[in-house]
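Below is one structure; the comments refer to it alone.
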Amino acid sequence: GLAARADFSFARSAHAIPVAASEMPAAMRSYPIVFIGAAKAPVIITGVRQDENLFVDADGRWSEPHYIPAYVRRYPFILADDSKTAGRLTLCIDRASERIVDQLLAPFREDGGKIAPFFNGTEPTEATRQALAFCNQFQTDFNATRAMIEKIEAHGLFAPRQSKVTLEGGEVLNLTDFQVIDEAALNKLSDEAFLDLRKSGALGMLYCHLASSNSWTSLVYQASIRKARK
2 GLAARADFSF ARSAHAIPVA ASEMPAAMRS YPIVFIGAAK APVIITGVRQ
52 DENLFVDADG RWSEPHYIPA YVRRYPFILA DDSKTAGRLT LCIDRASERI
102 VDQLLAPFRE DGGKIAPFFN GTEPTEATRQ ALAFCNQFQT DFNATRAMIE
152 KIEAHGLFAP RQSKVTLEGG EVLNLTDFQV IDEAALNKLS DEAFLDLRKS
202 GALGMLYCHL ASSNSWTSLV YQASIRKARK
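Using the numbering used here, you'd call the opening residue of the sequence shown number 2 and step up by one each time.
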């Protein structure tokens, strides 16, 4: 079964986390949004050092009131390609997750054994159906985001970027290997190209990304606080 208490310890070392376009209006308030890799995948930046997420504490709690991305919330569930049927996805779980609990051992857990079983007999429980619906929506949103990225790339709006951040105390960190939207190139688009982006739904993503640059300041501040506590 699935333990009731959400534990985000698995994301403690994730300094960049994938995010869909539909999440960006909420995510941009807390995190810078950039694009990485050959696929220009959009991610939120959750730390300024490799393998450090500033938003997950030692107990696996995500800092409030910051938005928790769907990529993290879906875990330990994930959709995987069905090897027997092309184009079909199967709901899977990560058995290594601490939230996966043997029902016989549940009463002896510190959380009192509150778990949600996956099946009632041979039928999936409501918890399992909700997980499937969430993962299906997650996949739909990411497919839509991928289509928007391809449209943005077709108009030549991505630009490589690297940055330096300075923590309190003078430590300088280099941030590299990411891309941003070239705002000057965006402003030079023809009316026809701009309309093409609007029809694709990509404009919202563009503006959320640009607005999220304001979150770099708070991210660096949080990094300085964590460093001071060590």
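Backbone N, C-alpha and C fix where the C-beta goes; we use that ideal spot for every residue, glycine too.
Note that the coordinates shown come from a computational prediction; the quantities given were computed from them, not determined experimentally.
Work out the CA separation of residue j and residue i for me, nearest whole Å.
i      : j      : result
Leu106 : Ile116 : Only weak support is given to the placement of Leu106: the predicted model assigns it a pLDDT of 45, under 50, and the value that follows is read from those uncertain coordinates. Those two C-alpha atoms are separated by around 11 Å.
Ala22  : Ala71  : 11 Å
Ile153 : Phe56  : 30 Å
Phe36  : Ala186 : 16 Å
Phe109 : Arg100 : Reliability fails at Phe109, whose pLDDT of 37 lies under 50, so the model's placement of it is uncertain and the value that follows must be treated cautiously. Straight-line Cα distance between these residues: approximately 14 Å.
Lys189 : Ser201 : 18 Å
Asp112 : Arg62  : Since pLDDT at Asp112 reaches only 47, below the 50 mark, its modelled position is unreliable, and no value is offered.
Gln180 : Leu174 : 17 Å
Glu65  : Ala40  : 31 Å
Gln138 : Val73  : 14 Å
Arg96  : Phe11  : 13 Å
Ile45  : Val20  : 7 Å
Val166 : Lys85  : 49 Å
Cys136 : Asn144 : 12 Å
Thr123 : Ala224 : 48 Å
Ile34  : Leu211 : 8 Å
His156 : Leu204 : 12 Å
Ile94  : Leu80  : 9 Å
Ile150 : Gly38  : 12 Å
Ala194 : Ala148 : 16 Å
Arg162 : Trp217 : 14 Å
Ile226 : Glu172 : 13 Å
Is DSSP giving residue i helix, strand or coil here?
i      : result
Val166 : strand
Thr91  : strand
Asp187 : The question names Asp, but residue 187 is Leu in the sequence shown. If DSSP states are grouped into helix, strand and coil, Leu187 belongs with the helices.
Val49  : coil
Phe109 : Confidence at Phe109 is low in this model, with a pLDDT of 37, below 50, so the placement of that residue is unreliable and no value is reported for it.
Ala229 : helix
Ala160 : strand
Val20  : coil
Glu154 : helix
Asn144 : helix
Leu133 : helix
Phe9   : coil
For residue i, count the other beta carbons within 10 Å of its own beta carbon; 16 or more makes it buried, fewer makes it exposed. Which is it?
i      : result
Gly48  : buried
Ala229 : exposed
Phe120 : exposed
Thr146 : buried
Pro43  : buried
Leu196 : exposed
Ser213 : buried
Cys209 : buried
Ala7   : exposed
Rounded to the nearest angstrom, how far is the Cβ of residue i from that of residue j, given a contact under 8 Å?
i      : j      : result
Tyr32  : Leu220 : 7 Å
His16  : Asp52  : 6 Å
Ala160 : Asp183 : 4 Å
Is the beta carbon of residue i within less than 8 Å of some heavy atom of the ligand SAM?
i      : result
Glu172 : Looking at this structure, you won't find the ligand SAM or any other ligand, since it has none at all.
*Go through the region 58–85 residue by residue and report every complete run of the beta strand (DSSP E) that reaches 3 residues or more, in order.*
Qualifying beta strand (DSSP E) stretches, in chain order: 78–82.
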